[in-house]
Amino acid sequence: METDRFAERVVERRAGSDRRRGRQAEQSRLRAIVEQMADGVVIIGLDGIIRFANPAAEALFGRSAAELERTSFGFPAVAGETAEIQVVRPGGASVAAELRVVDMNWEGEAARLVSLRDVTDRKRAEERAAQLDGERIARAEAEAASHAKSEFLAMMSHELRTPLNAVIGYAELLDLGIAGALNIDQRHQVSRILASGRHLLGLVNEVLDLAKVEAGRLSLHTGLAQASQTADGALALVQPVAEARGILVTVQHAEEVETTYDGDEDRVRQILVNLLNNAVKFTEPGGSVRVECGLTKKPDPEARLMGGPWVFWRVADTGIGIAPAQIAAIFDPFVQVERGHTRQSEGSGLGLTISRRLARLMRGDLTVRSEVGKGSVFTLWLPAVSGAAREAARRRAESPDSAPRLQGLAEAGEALLHEIEPMLNAFVARLRTEPLMPAAHSLRFSQLADHIGTYVANIGGVLVAVEEARGQPSVLVADGSEIQRLVAERHGSQRARLGWTADALRREWRILEEEIERAIRRRTQGVEEATIEEGLTIITRLIDQGIELSCRSLTRALR
Ligand code: ADP
11 METDRFAERV VERRAGSDRR RGRQAEQSRL RAIVEQMADG VVIIGLDGII
61 RFANPAAEAL FGRSAAELER TSFGFPAVAG ETAEIQVVRP GGASVAAELR
111 VVDMNWEGEA ARLVSLRDVT DRKRAEERAA QLDGERIARA EAEAASHAKS
161 EFLAMMSHEL RTPLNAVIGY AELLDLGIAG ALNIDQRHQV SRILASGRHL
211 LGLVNEVLDL AKVEAGRLSL HTGLAQASQT ADGALALVQP VAEARGILVT
261 VQHAEEVETT YDGDEDRVRQ ILVNLLNNAV KFTEPGGSVR VECGLTKKPD
311 PEARLMGGPW VFWRVADTGI GIAPAQIAAI FDPFVQVERG HTRQSEGSGL
361 GLTISRRLAR LMRGDLTVRS EVGKGSVFTL WLPAVSGAAR EAARRRAESP
411 DSAPRLQGLA EAGEALLHEI EPMLNAFVAR LRTEPLMPAA HSLRFSQLAD
461 HIGTYVANIG GVLVAVEEAR GQPSVLVADG SEIQRLVAER HGSQRARLGW
511 TADALRREWR ILEEEIERAI RRRTQGVEEA TIEEGLTIIT RLIDQGIELS
561 CRSLTRALR
C-alpha cells in the first residue's frame with residue numbers, strides 16, 4: 011500500500027513537472043515567435059503593467075524592453091478593439107500606431123497582447139494625398155475663376171465695342187455732312203467725338219486682346235517673315251508722331267543673311283509699334299530712338315528662351331528710364347510707372363503685358379534693360395528660321411492642305427478691316443478707267459472714295475460682330491445696317507450730282523464688291539474656300555441692299 015501511494019505520488023509529481031516543462035516550452039516558443047514579429051508587441055497584465063516588449067515595440071517606443079517592462083502601458087487596452095494612438099518618443103518625435111488587443115495567457119496568468127503597427131508613413135501619405143486633393147481643387151477653382159474672368163472680359167469688351175462702333179459710325183456720318191452741312195464749331199466738336207471715340211475703341215481693343223490671350227482664344231497666324239520689313243512697317247506708323255514730338259528715329263538692319271523669323275507678322279508689328287510708341291512717349295523732344303534688328307545665337311540671359319538661333323529687335327531710347335524696383339511690374343496688366351508729360355489720357359498699362367504674352371505665345375520673349383535718366387532698351391526675341399526650314403515652309407505654303415486655317419466671318423471681317431487702304435486705292439484706280447463713268451477719270455480720290463471707306467469698315471465690323479455675337483441679333487448689326495443705309499443713300503445722291511447713270515452706279519457697286527472680295531482673299535491666302543465663303547455671301551447680300559438703296563436715291567435726285 012505504502013509502495014503504491016509512493017508510486018502514485020511519484021507519477022503525480024512527474025506529471026506535474028512534465029506539465030510545467032510543457033508550459034515552459036510553450037512559453038519560450040511563444041516568446042520566440044513574438045520576438046520575431048515585425049509589429050511591435052507588448053504583453054500587459056490585467057493591472058495595465060507591461061510584462062514584456064518585443065524588439066519592434068522597443069523601436070516603436072524608442073525605449074529598451076528593460077525600460078518598458080514593469081511600467082504602466084498608459085493607453086486603454088480593451089480586448090477585441092482597434093484604436094490609433096500617438097506615441098511620443100524620448101526625443102519628442104511622435105509616431106502614429108494602430109493598436110489591436112487580444113486576451114491571452116502569459117506565464118500562467120491572464121494578460122493582454124497588444125500589437126502596435128507604425129502607421130506614420132501611411133498617415134503622412136494620406137495627409138499628403140488630402141493636401142494634394144485640396145490643392146488640385148483650389149487650382150481647378152482658380153482656373154475656372156480665371157477662365158470666367160476672361161470670358162467676362164471678352165464679352166464685356168464686345169458689349170463695349172458694339173455701341174462704340176455705332177458712336178464712331180454716326181459721328182463719321184455727321185462728319186460727312188450726310189444729314190446736312192456742319193458749321194465750323196459743329197465740325198470741330200464732331201472731330202473731338204471721333205478722336206475720343208477712336209481712342210476709346212483702341213483701349214477696348216487692347217482689353218479684348220488681353221482677354222483673348224488669357225482665355226487661350228487668340229488665334230495666331232503662323233508664317234515666316236522678314237525682320238527688317240516688319241520693323242520698317244512698324245516704323246512707318248510711328249514716324250509721324252515721333253517727328254511731331256521732335257524725336258529722331260533711326261533703324262539699323264543686320265547686314266548679314268536675311269533675318270527670317272517664325273511668327274505672326276501682324277502681331278510682331280503690333281508689338282514693335284507698342285515699343286516704339288512707348289519709346290517716343292517717354293523720351294523728351296530732342297532725344298532719339300534707335301531700332302536695331304539682327305540674328306543671334308546668344309540671347310540676353312534674362313530672356314526665357316530655349317533653343318535658338320534668335321531674331322531680335324532692340325528698341326533703344328534716350329528717355330526717362332525705369333527704376334529697377336519698377337522694372338518687373340511694367341509687364342503686369344494695368345501698370346503705369348510714370349505719370350509723364352503725355353499722360354493725360356494715353357495708355358492703358360496693357361501694351362507691354364499683351365506684347366510679352368504675344369511674344370511668348372510665338373515661342374519668343376520680350377525683355378527690358380533700363381537706367382533712370384539714361385533710357386530704356388526693350389528687346390523682342392523670336393525664333394529665327396534657317397534656310398532649310400524656309401524652303402520647307404515655302405513648299406508647305408504651296409500645298410493647299412497645310413495652309414493656316416482662319417475661321418469664319420470674323421476672319422473675313424478682320425481681313426477686310428486690315429486691307430481697307432489698298433482696297434480703296436484699287437477701287438478708285440478701276441473707276442478711273444471705267445468707260446461707263448467718264449466723270450470719274452478727272453475726279454479727286456476723296457470725291458470718289460470718301461464715304462466708301464466708312465461703308466467698307468462698317469461691313470468688316472458687322473462680319474466680326476456677327477461671329478462674336480454667335481449669330482444672335484446684335485445692336486451693332488442693327489446700327490451697322492442703319493449706317494450702311496444712310497451711306498448708300500448719300501452715295502446715290504452724290505453720284506447723281508457727279509453725272510452717274512443707274513447703270514454706272516450698279517457697275518460701280520460690283521467693282522466695289524470685286525475689290526472687297528479680292529482684298530479678303532489677299533489677306534486669307536491659302537485658306538479653304540468654305541471658310542470665307544459665308545463671309546463673301548453676306549457681303550454680296552449687303553452690296554445688293556446698297557445697290558437698291560443708292561439707285562432709289564439716285565433716281566430721286568435725278569428727278
Ligand atoms: P501704357 O499703354 O500705359 O504705355 P505699357 O504696358 O505699354 O502701357 O507700359 C507700361 C508702363 O511701363 C508705362 O506706363 C511706363 O510707365 C513704362 N514704360 C514703358 N515703356 C517705357 C519706356 N520706353 N521708357 C520709360 N518707361 C516706359
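In case it helps, this note's numbering puts the sequence shown at residues 11 to 569. Note that CB positions come from ideal geometry on N, CA and C, so glycine has one too. From a predicted model like this one, the values you see are computed outputs, not experimental measurements.
Output needed for Glu544: all residues of its chain with C-beta closer than 7 Å, excluding positions within five of it in sequence on either side, in chain order.
Gly418, Leu419
Checking 7 Å against the spacing of the C-beta atoms, do Ala369 and Leu390 come in under that value?
yes
Between which two residues does the beta strand (DSSP E) carrying Arg61 extend?
Counting along the chain, the beta strand (DSSP E) containing Arg61 begins and ends at 60–63.
Quick check on the burial criterion: 16 or more other C-beta atoms within 10 angstroms. Buried or exposed for Asn193?
exposed
From the DSSP output, read off the bridge partner residues of Ser82.
Ile59
Does any heavy atom of ligand 1 sit closer than 6 Å to the C-beta of Ile340?
yes
Please confirm whether any heavy atom of ligand 1 lies closer than 6 Å to the CB of Phe292.
yes
What residues in its chain sit with their C-beta under 6 Å from that of Ala333, if we drop five residues either side in the sequence?
Contacts found: Val382.
Which parts of the segment 513–537 are runs of the alpha helix (DSSP H), unbroken and 4 residues or longer, counting only runs that do not cross its ends?
Not a single unbroken stretch of the alpha helix (DSSP H) spanning 4 or more residues falls wholly within the segment 513–537.
Report all residues from its chain with a CB closer than 7 Å to the CB of Phe455; omit the five preceding and five following residues, and keep chain order.
By the criterion of a C-beta distance shorter than 7 Å, Phe455 is surrounded in its chain by Val438, once the five residues flanking it on both sides are discounted.
Just to check, is the beta-carbon of Gln280 closer than 6 Å to a non-hydrogen atom of ligand 1?
Distance from the C-beta of Gln280 to the nearest heavy atom of ligand 1 is not below 6 Å.
Just to confirm the assignment: which complete alpha helix (DSSP H) runs, minimum length 4, are found wholly within the segment 440–484?
455–478
Taking the CB atoms as reference points, tell me whether Val290 and Val261 lie closer together than 7 Å.
no
Look up Met114 in the DSSP assignment and say whether it is helix, strand or coil.
strand
By Cβ distance below 8 Å, which residues in the same chain neighbour Asp460 in space, the five residues on each side in sequence not counted?
Leu186
Hey, Ile469 and Leu564: beta-carbon distance below 7 Å or not?
no
Are at least three pairs of beta-carbons, each pair with one atom in the segment 89–105 and one in the segment 21–34, less than 8 Å apart?
The segment 89–105 makes no contact with the segment 21–34; the number of CB pairs closer than 8 Å stays below 3.
Verify the contact flag: Ser298, CB atom, against every heavy atom of ligand 1, threshold strictly below 6 Å.
no
Taking the alpha-carbon of Ala560 as reference, which of Ile364, Arg516, Ser156, Ile521 has the nearest alpha-carbon?
Just to set this straight, residue 560 is Ser in the shown sequence, not Ala. Looking at Ile364, Arg516, Ser156, Ile521, the one whose alpha-carbon comes closest to that of Ser560 is Arg516.
Comparing alpha-carbon positions, which option in Gly190, Leu109, Lys307 lies nearest Ser503?
Here the closest residue by C-alpha is Gly190.
Would Asp310 and Thr377 be called neighbours here (beta carbons separated by less than 7 Å)?
yes
Any chance the segment 212–230 sits against the segment 157–164, with 3 or more Cβ pairs inside 8 Å?
yes
Would you identify the three-state DSSP class for Phe344, choosing helix, strand or coil?
coil
Give the secondary structure of Glu312 by DSSP, where H, G and I count as helix, E and B as strand, and everything else as coil.
coil
Closer than 8 Å by C-beta to Lys384: which residues in its own chain qualify, once you throw out the five before and the five after it? Chain order, please.
Thr328, Gly331
Would you kindly work out how many angstroms separate the C-alpha atoms of Ser355 and Glu525, rounded to a whole number?
In this prediction, Ser355 has a pLDDT of 41, which is less than 50 and means its spatial position is unreliable; what the coordinates show is noted afterwards. Taking the straight line from one Cα to the other gives about 38 Å.
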